[in-house]
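2 protein chains.
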Amino acid sequence: MKQRPYNFSAGPAALPAEVLEQAAAEMLDWHGSGMGVMEMSHRGKEFIAIAHQAEADLRRLLAVPPNFHILFMQGGGLAENAIVPLNLSGGAAADFVVTGSWSQKSFKEAKKYCDAQLAAANTAADGSHTTLPDPATWRLRREARYLHLCSNETIHGIEFHELPDLKSLGSDAPLVVDCSSHILSRAIDWSRVGLAFAGAQKNIGPAGLTIVMVREDLVGHALPVCPSAFDYKTVAEHGSMFNTPPTYAIYIAGLVFQWLLRQGGVAEMERRAVQKAELLYGAIDASGFYSNKVERSCRSRMNVPFFMPDERLYAPFLEGAVARGLLQLKGHKSVGGLRASIYNAMPLEGVQALVSYMTEFQARHG
Amino acid sequence: MKQRPYNFSAGPAALPAEVLEQAAAEMLDWHGSGMGVMEMSHRGKEFIAIAHQAEADLRRLLAVPPNFHILFMQGGGLAENAIVPLNLSGGAAADFVVTGSWSQKSFKEAKKYCDAQLAAANTAADGSHTTLPDPATWRLRREARYLHLCSNETIHGIEFHELPDLKSLGSDAPLVVDCSSHILSRAIDWSRVGLAFAGAQKNIGPAGLTIVMVREDLVGHALPVCPSAFDYKTVAEHGSMFNTPPTYAIYIAGLVFQWLLRQGGVAEMERRAVQKAELLYGAIDASGFYSNKVERSCRSRMNVPFFMPDERLYAPFLEGAVARGLLQLKGHKSVGGLRASIYNAMPLEGVQALVSYMTEFQARHG
Chain X
1 MKQRPYNFSA GPAALPAEVL EQAAAEMLDW HGSGMGVMEM SHRGKEFIAI AHQAEADLRR
61 LLAVPPNFHI LFMQGGGLAE NAIVPLNLSG GAAADFVVTG SWSQKSFKEA KKYCDAQLAA
121 ANTAADGSHT TLPDPATWRL RREARYLHLC SNETIHGIEF HELPDLKSLG SDAPLVVDCS
181 SHILSRAIDW SRVGLAFAGA QKNIGPAGLT IVMVREDLVG HALPVCPSAF DYKTVAEHGS
241 MFNTPPTYAI YIAGLVFQWL LRQGGVAEME RRAVQKAELL YGAIDASGFY SNKVERSCRS
301 RMNVPFFMPD ERLYAPFLEG AVARGLLQLK GHKSVGGLRA SIYNAMPLEG VQALVSYMTE
361 FQARHG
Chain Y
1 MKQRPYNFSA GPAALPAEVL EQAAAEMLDW HGSGMGVMEM SHRGKEFIAI AHQAEADLRR
61 LLAVPPNFHI LFMQGGGLAE NAIVPLNLSG GAAADFVVTG SWSQKSFKEA KKYCDAQLAA
121 ANTAADGSHT TLPDPATWRL RREARYLHLC SNETIHGIEF HELPDLKSLG SDAPLVVDCS
181 SHILSRAIDW SRVGLAFAGA QKNIGPAGLT IVMVREDLVG HALPVCPSAF DYKTVAEHGS
241 MFNTPPTYAI YIAGLVFQWL LRQGGVAEME RRAVQKAELL YGAIDASGFY SNKVERSCRS
301 RMNVPFFMPD ERLYAPFLEG AVARGLLQLK GHKSVGGLRA SIYNAMPLEG VQALVSYMTE
361 FQARHG
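From first to last, the protein sequence lines are chains X and Y.
Under full-length UniProt numbering, the residues of the first sequence are numbered 1 to 366, in order.
Under full-length UniProt numbering, the residues of the second sequence are numbered 1 to 366, in order.
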C-alpha cells in the first residue's frame with residue numbers, strides 16, 4: 001500500500017493504519033458473530049468481551065493500580081470540567097493550577113460547583129503561557145478537596161515532565177490530572193494521583209469516549225445535582241454501562257491498546273516520543289528561522305507549536321505541506337502559527353518528512 | 001455476498017449493510033483527503049462538511065422547522081433525562097407521563113432538578129405496562145414548564161401512534177418527546193412538540209451520539225448548575241462543536257440519513273414499518289401459542305416483545321434462532337420472554353424469516 005499522508009492533527013488525530021485496516025475488515029462481521037461491532041447490544045457477550053479486554057489492556061499499559069476504577073464515559077474533557085467538581089468537590093474548596101487554555105477552562109467551569117481558587121498560574125503579561133510555575137510556590141489550601149492541573153496543554157505545547165508530589169508540599173489533597181493529550185506516551189506515577197482523565201480523541205483516537213481513572217475512595221461523594229449518567233459511583237457500579245456506552249469508540253480504543261502492546265507498551269512509546277520531539281525541537285532551534293516560545297524544561301513532546309518570522313509565509317507553508325502529504329499543521333486559532341501534534345500514531349518517518357520540508361521551505365523563503 | 005444474519009437487537013442495533021460497506025471502504029481515506037473520518041479535526045473543512053450534510057439531511061427527512069435547532073450531543077437518553085430538566089425546567093414544575101421503563105427513569109431523574117409530578121401512568125396492578133392512558137385524563141398543571149413522554153417504550157413495546165395535542169387539552173406547556181427508539185420511522189408533528197431527543201443507537205445506528213431537536217425559544221434558560229457542555233444554548237451557539245463531537249458516530253448517522261433518502265425517506269420507512277409490524281403481530285395473534293400483552297391500539301411498530309406458554313422453551317428457541325441467522329431475540333431482563341426489534345434497517349425478509357422460524361418452532365414444541 002502507498003504511504004499514507006502524515007496527519008499532524010491535534011485531535012481527533014491520526015490512528016495507526018493497522019488499527020484502521022482491522023476495523024475496516026471487521027466492519028460487517030466481528031469474529032464470525034455475524035454482526036459488526038456497531039450493531040452489537042452492549043449487554044451481549046461479544047461486546048462485553050471487547051470492553052473487558054480494552055479495560056484490562058489499558059490497566060496493563062498504564063499500570064493502573066487495583067484500587068482505581070477505569071470508567072468509559074462521554075462528553076470529553078470539557079464535560080469532565082463539570083463532572084469532576086460535581087463528583088469530587090463536595091461544593092467545598094478546590095485548587096487549580098492554570099498553565100494554558102485547558103486548565104483555564106477547567107478552573108472557570110469548576111467555579112459553578114465549588115469554591116475554586118487559583119493555586120498558581122503561568123500567564124505572562126502578554127497573556128501567553130510559556131513556562132510552568134514551580135510547585136514550591138503554589139498556594140495549596142489545607143481544606144482543598146483536590147488540586148487540578150492539565151499535564152499537557154495541547155494548545156500551548158506545555159508539558160509537566162514530572163507530576164508534583166503534593167504530600168512533600170504539605171498537602172493531602174488528591175491530584176486531579178487532565179492528561180488528554182499525552183496519555184499513554186509516558187508512565188503515570190499513581191502514588192501522586194487521585195484521578196486522571198483523558199478525552200480519547202487525541203492520543204488514543206476516536207472522539208466521543210472519555211477515560212476516567214479514579215481512586216475508589218474518591219467515588220461516592222457526588223453532589224445531588226450531578227446527573228446520574230455522570231456520577232462516578234453509578235458509572236462504576238454498572239461497569240460503565242449505566243447508559244449505553246460509545247461502543248464503537250471503545251472498540252477502536254481497544255484496538256489501539258493492542259497495537260501499543262505489540263509495539264512494546266508505554267516505555268517504548270516514551271522512547272519514541274523523546275526521539276521525535278528532540279528531532280523536531282532540535283530542527284526548530286537550529287534553524288534561526290522557526291521558533292518555539294516554550295521554556296525548554298516544559299516543552300511538550302506531543303504538541304509542538306512553532307512560528308516563522310513573517311505572517312505571510314504561513315499560507316504557502318501549509319499549501320506546500322499538503323502537497324507533500326503533511327496534513328493539519330495549522331496552529332490553533334488562539335495562538336496562530338503552526339502546530340505539529342506528534343502523538344503515538346505518528347512514526348519517526350513523519351517527523352523526518354516534516355523536518356525535511358521545513359529545511360527546504362526555509363531555503364526558499366528564509 | 002452471502003446473506004448477513006438478521007439482527008433483532010434493541011440497540012445498539014443493526015445498520016444497513018450498504019452503510020457499513022461504505023464506511024469500511026472509506027476507513028483509511030475519506031474522499032481522497034488522505035485521512036479516515038476518525039482522524040479528522042472536527043474544525044477542518046472535511047468534517048464540517050460531513051456534519052453540515054448530516055444535519056441538513058436529518059432536517060429534510062423529519063421536516064424539522066427552521067425555528068428548531070438540531071444538536072449533536074453525547075450521553076444518550078439517560079443523560080438527557082438530566083439535561084432536559086437542567087435546560088427547560090427552571091427548577092419549577094414539570095409534568096410526566098409514565099408508560100414504561102424509559103419514561104419512569106426520566107421522571108425519577110427530573111426530580112433532582114425540579115418539581116416533577118406524574119400527569120398520568122399506565123402501570124397495572126402487577127407492575128406491567130400494556131396500555132396508554134387517555135390524554136383527556138392527564139393531570140396537566142398550568143404552571144408546568146413542559147410535559148415529558150416517551151413516544152416509544154423500547155422495553156415494553158408501547159408506542160404513541162399520535163402525539164397528544166396539549167393545546168386542545170388546555171395546556172400551553174411544550175411537549176418533550178423521547179423518541180429514541182422510533183425516530184425516523186414516522187413523521188413528527190412539530191406543531192405539538194417543543195423538544196424531541198433520541199439516542200442514535202436504536203433506529204439510527206451508532207452509540208455515543210444523541211440528537212436533540214429543540215425549539216429556539218426553549219433554549220437559553222439553563223439552570224446555573226447545568227454543565228456548559230450540556231447547555232443547549234452553548235451547544236447551539238457552537239454548532240454542536242463546543243466540546244469535540246462524536247465525529248465518527250455523526251458520520252455514520254449521516255450515511256444512514258443518505259440511505260434513508262435513497263429508500264424514499266420517512267414516509268417509505270413508515271409504510272415498511274406498518275407492513276413488518278402487521279406481519280409479526282398477525283403471526284403472534286393467529287398462533288394460539290405466542291402472545292403479546294400490549295393493547296392493539298398502542299403496540300409498537302419497532303419493538304415487539306412476545307412470550308411462549310412455557311419458560312423452558314426460551315433457551316431452545318434462541319439456540320435454534322441463532323442457528324438460522326436470527327440474532328439477539330432475547331427479551332429485556334426486566335420483562336423476560338423474547339423481543340424482536342424491527343427498526344428501519346431490518347428488511348421485510350428478516351421478519352418473514354423470523355415468522356417462518358416461529359411457525360416451525362411451534363409445530364415442534366407447541
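Beta carbons: idealized from backbone N, C-alpha and C, even for Gly.
If you check each beta-carbon in the region 83 to 112 of chain Y against every beta-carbon of chain X, the ones closer than 8 Å belong to Ile83, Leu86, Glu109 and Lys112. Counting C-beta atoms within 10 angstroms of its own C-beta, alanine 110 of chain X has 16 or more neighbours from the protein chains shown and is therefore classed as buried.
Comparing alpha-carbon positions, the option among Y:Leu58, Y:Tyr290, Y:Ala207 and Y:Ala14 lying closest to glutamate 360 of chain Y turns out to be Y:Tyr290. Residue burial annotation: glutamine 328 of chain X is buried, with at least 16 other C-beta atoms found within 10 angstroms of its C-beta.
Apart from sequence neighbours up to five positions away, the residues of its chain that approach alanine 236 of chain Y with a beta-carbon distance below 7 Å are His69, Leu71 and Val219, ordered along the chain. When Cβ-Cβ separations below 8 Å define contact, glycine 205 of chain X makes contact with chain Y. If you look at valine 294 of chain X, you'll find it isn't in any alpha helix (DSSP H); DSSP assigns it neither H nor E. As computed with DSSP, arginine 215 of chain X is found in a beta bridge with X:Phe68. For proline 305 of chain X, the three-state secondary structure derived from DSSP is strand. Segment contact: the region 349 to 358 of chain Y against the region 322 to 339 of chain Y, three or more CB-CB distances shorter than 8 Å; contact assigned. Interface criterion met: the Cβ of tyrosine 248 of chain Y is under 8 Å from a Cβ in chain X. The DSSP-derived three-state label of asparagine 344 of chain Y is coil. Taking 7 Å as the upper bound on Cβ-Cβ separation, chain Y lies near no residue of the region 145 to 175 of chain X. Apart from sequence neighbours up to five positions away, the residues of its chain that approach alanine 253 of chain X with a beta-carbon distance below 7 Å are Ala54, Ala200, Ile204, Gly205, Pro206 and Leu209, ordered along the chain.
For the C-beta of leucine 338 of chain Y, not a single chain X residue is nearer than 8 Å; the gap to the nearest is close to 14 Å. Rounded to whole angstroms, the gap between the alpha carbons of histidine 156 of chain Y and tryptophan 102 of chain X is 44 Å. Assigned with DSSP and collapsed to three states, methionine 73 of chain Y falls in strand. In the same chain as threonine 234 of chain X, and ignoring 5 residues on each side of it, the C-beta atoms closer than 7 Å to its own belong to Ser228 and Phe242, in chain order. For the region 323 to 337 of chain Y, residues whose beta-carbon sits nearer than 7 Å to a beta-carbon of chain X comprise Gly325, Leu327 and Gln328.
Nearest CB-CB separation between glutamate 143 of chain Y and chain X: not below the 8 Å threshold. The Cβ atoms of phenylalanine 197 of chain Y and glycine 77 of chain Y sit closer than 8 Å to each other. Chain-order list of chain X residues neighbouring glutamine 74 of chain Y: Gln74, Gly75 and Gly208, by C-beta distance under 7 Å. What glutamine 201 of chain X touches in chain Y, judged by beta-carbon distance under 7 Å, is Thr244, going in chain order. Residue state for glycine 320 of chain X is assigned as helix, using DSSP reduced to three classes. Chain order gives no chain Y residues near methionine 302 of chain X, where near means a beta carbon separation below 9 Å; the closest approach is about 15 Å. At a cut-off of 8 Å between C-beta atoms, alanine 49 of chain X does not count as an interface residue with respect to chain Y.
In this structure, the straight-line span from the alpha carbon of valine 84 of chain Y to that of tyrosine 146 of chain Y is close to 10 Å.
Under the 8 Å criterion on CB atoms, methionine 241 of chain Y is classed as non-interfacial with respect to chain X. No Cβ of chain Y is located within less than 8 Å of the beta carbon of serine 128 of chain X. Taking the Cα of alanine 136 of chain X as reference, the smallest distance to any Cα among X:Glu26, X:Thr123 and X:Leu163 is reached at X:Leu163. Shown in chain order are the members of the region 6 to 27 of chain Y whose Cβ falls below 8 Å from a Cβ of chain X: Asn7, Ser9, Ala10, Gly11, Pro12, Ala13, Ala14, Leu15, Ala17, Leu20, Glu21, Ala23, Ala24, Ala25 and Met27. Here the alpha carbons of valine 193 of chain Y and glycine 36 of chain Y stand approximately 37 Å from one another. Annotated three-state conformation of glutamate 349 of chain Y is helix, per DSSP.
If you draw a straight line from the Cα of leucine 132 of chain Y to the Cα of isoleucine 342 of chain X, it is about 57 Å long. When 8 Å is used as the limit between beta carbons, methionine 38 of chain Y is near these residues of chain X: Pro12, Leu15, Leu20, Gly205, Pro206, Ala207 and Ile252, in chain order.
Ranked by Cα distance from glutamate 39 of chain X, the first of Y:Ala125, Y:His148, Y:Ala363 and Y:Met346 is Y:Met346.
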